[in-house]
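S.K.: Dropping a structure here in structure tokens format, bear with me for questions.
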Amino acid sequence: MTVNIFKVDQYQTEAFTKAIRSRFDILRLWMDSIKVIINYFPPHEAITAAEIHIHNSRMSRLFYSSGPKTFSVAFPFRVEADAGSFTVKTISGIDIDSRLSSEILLIASLLKNNGLINEWTLAEHFESQGGASNDFWPVLAELLDAEDGYLRFDHDPDRRDGHKHPLDHADLFYTNGASFKIGLHEKIALDEIIDILNRETDCHYLGRVTERK
Numbered sequence: 000m001t002v003n004i005f006k007v008d009q010y011q012t013e014a015f016t017k018a019i020r021s022r023f024d025i026l027r028l029w030m031d032s033i034k035v036i037i038n039y040f041p042p043h044e045a046i047t048a049a050e051i052h053i054h055n056s057r058m059s060r061l062f063y064s065s066g067p068k069t070f071s072v073a074f075p076f077r078v079e080a081d082a083g084s085f086t087v088k089t090i091s092g093i094d095i096d097s098r099l100s101s102e103i104l105l106i107a108s109l110l111k112n113n114g115l116i117n118e119w120t121l122a123e124h125f126e127s128q129g130g131a132s133n134d135f136w137p138v139l140a141e142l143l144d145a146e147d148g149y150l151r152f153d154h155d156p157d158r159r160d161g162h163k164h165p166l167d168h169a170d171l172f173y174t175n176g177a178s179f180k181i182g183l184h185e186k187i188a189l190d191e192i193i194d195i196l197n198r199e200t201d202c203h204y205l206g207r208v209t210e211r212k
């Protein structure tokens, strides 16, 4: 397994604390992560607020850990390191550079906020900007087809409500119609979360709660 760890400063964390409510938020999350990676410069320890862990093997996932919250999402990219610098490529081998990631960020924002009505409006938008990158359309199609596998682990004393909203829990999925919680007996460390999701380690088991609150 290849593991890359990127520290995130307190200013960069703003991009990762926004709520995930739609597929367009996932696109934004992927692109914000890629921008951190391809422009990476380790922040000073005093302003480090979180870490991004990229695990590539049979499991290809991004883990973001900051204080009481940890989330993970599938990462349909490959991270390549060379002499201290990093590049990110799609599974099909297309390099995601700063321009391409910015274009996808823009489109994700426009689509989420209904700023684009149809594909003609999208084409006209790029035409007015001088045209999209050559790889924009194939990359966008590839990412829209990719499974995101989003889940979040919370330690949430402010909204604790017995077994309806346990102190420690995992939130699976992100839309109202699909999301649900799995209660946890205690806060679990990042290493254990990674182990739970790692297809190359033994499975973990769910157990019924023995005491009702």
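In terms of numbering that gives the first Met the number 0, the sequence shown has 64 at position 65, counting the first letter as 1, and numbering is strictly consecutive. Idealized CB from N, CA, C, for every residue including glycine. Fair warning: this is a prediction, and the values are worked out from it, not measured in the lab.
Looking only at its own chain, which residues have a Cβ that is under 6 Å from the Cβ of P67, when we skip the five neighbours before and after it?
M.R.: H154
S.K.: Can you grab the Cα-Cα spacing for the pair P42 / V87, in whole Å?
M.R.: Approximately 20 Å between the Cα atoms of the pair.
S.K.: In three-state DSSP terms, what is S59?
M.R.: Strand, per DSSP.
S.K.: How many Å lie between I193 and P75 at the Cα?
M.R.: 17 Å
S.K.: Whole angstroms is fine: what's the gap from V2's alpha carbon to D147's?
M.R.: 19 Å
S.K.: Do you know whose CA, among S91, Y149, S97, lies nearest A177's CA?
M.R.: Y149
S.K.: Contact between the region 96-103 and the region 132-140: three or more CB pairs below 8 Å?
M.R.: A contact exists between the region 96-103 and the region 132-140.
S.K.: Three-state secondary structure (DSSP) at L150?
M.R.: strand
S.K.: Note down the Cα distance separating S32 from S71, rounded to an integer number of angstroms.
M.R.: 12 Å
S.K.: Just to confirm my understanding: we take I46, look at its own chain, exclude 5 residues before and 5 after, and list those with CB closer than 6 Å. What are they?
M.R.: D8, Q9
S.K.: Just how far apart, CA to CA, sit S84 and L105?
M.R.: Cα-Cα distance, rounded: 25 Å.
S.K.: Once the 5 residues before and after K6 are set aside, which same chain residues still bring their CB inside 6 Å of it?
M.R.: Cβ-Cβ distances below 6 Å link K6 to P41, P42, T47, E50 in the same chain, with the five nearest sequence neighbours on each side left out; the list follows chain order.
S.K.: Is the distance from the Cβ of L29 to the Cβ of L189 below 8 Å?
M.R.: Leu is not the amino acid found at residue 29; the sequence shown has Trp there. Not in contact: W29 and L189 (Cβ atoms no closer than 8 Å).
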